[in-house]
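Notes follow the structure.
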Amino acid sequence: MDGIIGVYKPKGMTSHDVVFKLRKILQMKKIGHAGTLDPNVDGVLPVALGRGTKTIEFLQAAGKTYTGSVTLGLATETEDLDGAVVEIKPVLQPVASAQIQTEMARLTGTITQVPPMYSAVKVNGRRLYQYARAGETVERPKRQAEIYQFELVGTPEYDAQQQTQTFQFRAVVSKGTYIRTLAVDLGRALGYPAVMSQLTREQSGGFTLEDTHTLEEFAERMQMTGDLGGWVEPLDYALKDFPHFTLSASQWGEVKDGKGLPASEVPKTAPQLVYVYAGEVKSVVAWNAEKNQYRPYRTFKIH
């Protein structure tokens with residue numbers, strides 16, 4: 001079975017747990033997910049099957065859409081509700097929606113983020129969460145992220161008893177964006193410590209929540225029919241945003257032998273192209289300026 005499926009990951013389960021269970025359900029080993037979701041986050045998890053695992057990097061490169069909530073008035077060591085509270089600042093007066101929207105707009109576009117200590121980013125060969133669990137600190141590398149949309153959803157809720165304020169948001173972001181950190185940065189801009197108090201990934205790798213199925217649904221489908229049928233998207237699903245070039249029989253013969261095609265036949269139109277022959281995706285090629293032609297980058301099937 002080769003292709004890509006959209007899986008709904010529930011809260012309380014790691015992305016690796018999903019893959020482990022799917023290997024049992026589908027009775028196959030070559031399975032990988034595209035874009036890790038933390039255990040306390042639910043939503044869309046694209047999963048690649050068989051030769052589809054070669055498309056994971058392309059699935060991950062696409063933008064992602066999240067909905068969630070930010071709570072003002074406290075900060076934790078993990079930037080979400082799972083960690084120990086490290087700071088409290090009572091919200092004595094509700095923050096106006098207009099002020100929240102203004103600061104959200106300022107965080108839209110290209111921003112610089114510092115990864116949270118409780119993250120999988122590696123520094124000097126160790127993951128940041130390993131330093132954090134050992135009580136150690138280390139300088140964290142800054143990274144750029146693109147925030148395409150960051151919007152307030154609904155009316156903020158003020159808790160006079162707890163002296164906190166919670167509001168919902170929707171964010172469309174680039175690969176590698178830390179939503180927890182975005183929530184903390186927004187709180188800081190509003191003058192309060194903050195945490196990401198809830199998060200759902202609504203879109204990733206071309207899949208929306210409506211396109212996904214639960215592990216229970218996959219198991220039931222396999223038990224009833226023995227295959228996933230139309231639930232499996234072809235390899236090209238991960239490459240639909242790339243320009244495609246259809247090869248002739250003679251060109252395919254050259255490509256199949258590992259040769260590049262001259263620029264006179266395939267001029268540069270994009271950094272990467274998808275080669276298609278006889279209606280089937282064969283490879284992704286990348287432009288090589290030195291050779292002045294596209295060269296193989298990722299091969300899916302040669303025969």
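To convert, note that position 25 of the sequence shown is 25 in full-length UniProt numbering; the numbers rise steadily by one, no gaps. All C-beta atoms in this analysis are idealised placements derived from N, C-alpha and C, irrespective of residue type, glycine included.
Run through the DSSP bridge pairs and tell me what residue i is partnered with.
i	result
Thr108	Answer by DSSP bridge pairing: none, since Thr108 is not bridged.
Thr76	Val85
Asn288	Gln293
Lys9	Gly43
His213	Val7
Does the Cβ of residue i have 16 or more other Cβ atoms within 10 Å, making it buried, or fewer, making it exposed?
i	result
Phe167	buried
Met117	buried
Arg23	exposed
Ser69	buried
Arg201	buried
residue 312	The chain is shown only over 1 to 303; residue 312 falls outside these bounds and no answer can be derived.
residue 305	Since the displayed the chain opens at 1 and closes at 303, residue 305 lies outside it and no answer follows.
Ser283	buried
Thr212	buried
Please name the residue in the options whose C-alpha comes closest to that of residue i.
i	options	result
Thr108	Ala48, Glu151, Thr181	Glu151
Gln60	Ser69, Val47, Gly68	Val47
Asp257	Val91, Thr299, Val18, Leu199	Thr299
Gln293	Ala194, Ala270, Phe58, Asp80	Ala270
Gln198	Gly135, Ile111, Leu37, Pro94	Leu37
Ile5	Leu273, Gly226, Leu215	Leu215
Gly32	Asp42, Val19, Val44, Val41	Val19
Ala105	Glu146, Val121, Ala134	Glu146
Arg143	Ala62, Pro10, Tyr277, Val114	Val114
Ala62	Asp241, Val274, Val255, Pro141	Asp241
Express the C-alpha separation of residue j and residue i in angstroms, rounding to a whole number.
i	j	result
Ile100	Leu190	7 angstroms
Gly205	Lys64	8 angstroms
Ala263	Pro39	48 angstroms
Leu209	Lys268	36 angstroms
Met13	Ser174	24 angstroms
Ile25	Glu265	46 angstroms
Phe58	Ala238	6 angstroms
Tyr131	Gly260	46 angstroms
In three-state terms, what does DSSP make of residue i?
i	result
Ala189	helix
Met196	strand
Val184	helix
Ser69	strand
Val123	strand
Ser248	coil
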